[in-house]
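Let me begin by presenting the structure, written as structure tokens, before commenting on it.
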Amino acid sequence: MSQASSRPYALKAGEGPTYNYGIDFTVKAGEVGSGPRVAVVEYTTRTGEEPPDHTHGTEDEMLEGDLAFRCGEETFELAAGGFIFLPRNIEHGYRIRGEREVKLLVITVPAEENAEGGWGGFVADLETQGQRRGNPDRST
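Put into structure tokens, the structure is as follows:
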């Protein structure tokens, strides 16, 4: 979808195409068909579902949530509603404190003009390889 053909849209809480890719991810703003741009994903996760430490080579990542983060040599303890900016090319990861569910809002922004895919292609992978569940496609 070219920028000229993009249309505004609004999503209620819990709305958006939802894909199972190990856990359920709801894509609020995707990458497929839009070229490199911001991607927004919402999901709920639990202790034991944390991804391994990783690095994004082509985009910056911003998260909102109640977690303990590590980015490079620094650590950050966030409470619910807290925000963290994770620059590209720095290894990072998080851990969930306790046994409660944690809701995350993740935003990735291409850091290079010709970058493709958020999280090194993860958001595009969700949209093309994940098992789609419910919620209508907002492009119509």
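Read in order, the letters of the sequence shown are residues 261 to 400 in my numbering.
We put the CB at the ideal spot given by N, CA and C, even for glycine.
DSSP-derived helix/strand/coil call for residue i
| i | result |
| --- | --- |
| residue 335 | strand |
| residue 273 | coil |
| residue 315 | coil |
| residue 362 | strand |
| residue 309 | coil |
| residue 351 | coil |
| residue 327 | coil |
| residue 292 | coil |
Spatially closest choice to residue i from the options, by CA coordinates
| i | options | result |
| --- | --- | --- |
| residue 324 | 311, 297, 304 | 304 |
| residue 275 | 286, 282, 268, 369 | 286 |
| residue 292 | 385, 391, 369 | 385 |
| residue 289 | 311, 266, 280 | 266 |
| residue 251 | 298, 297, 302 | No statement about residue 251 is possible, as the shown extent of the chain runs from 261 to 400 and does not include it. |
| residue 405 | 390, 308, 348 | The displayed coordinates of the chain run from 261 to 400. Any statement about residue 405 would go beyond what the structure contains. |
| residue 297 | 388, 319, 309 | 319 |
| residue 355 | 299, 339, 308, 281 | 308 |
| residue 388 | 273, 341, 271, 281 | 281 |
| residue 404 | 369, 364, 341 | As shown, the chain starts at 261 and ends at 400. That puts residue 404 outside it, with no answer to give. |
| residue 357 | 342, 326, 334, 346 | 326 |
| residue 317 | 341, 271, 369 | 369 |
Cβ neighbour criterion (16 or more within 10 Å) applied to residue i
| i | result |
| --- | --- |
| residue 367 | buried |
| residue 361 | exposed |
| residue 359 | exposed |
| residue 339 | exposed |
| residue 273 | exposed |
Close-in-space but distant-in-sequence residues of the same chain around residue i (CB under 8 Å, 5 per side omitted)
| i | result |
| --- | --- |
| residue 350 | 315, 331, 332 |
| residue 312 | 353 |
6 Å CB neighbourhood of residue i in its chain, flanking five on each side removed
| i | result |
| --- | --- |
| residue 336 | 329, 344 |
Cβ-based neighbour list, residue i, same chain, cut-off 7 Å, excluding 5 preceding and 5 following
| i | result |
| --- | --- |
| residue 306 | 356, 361 |
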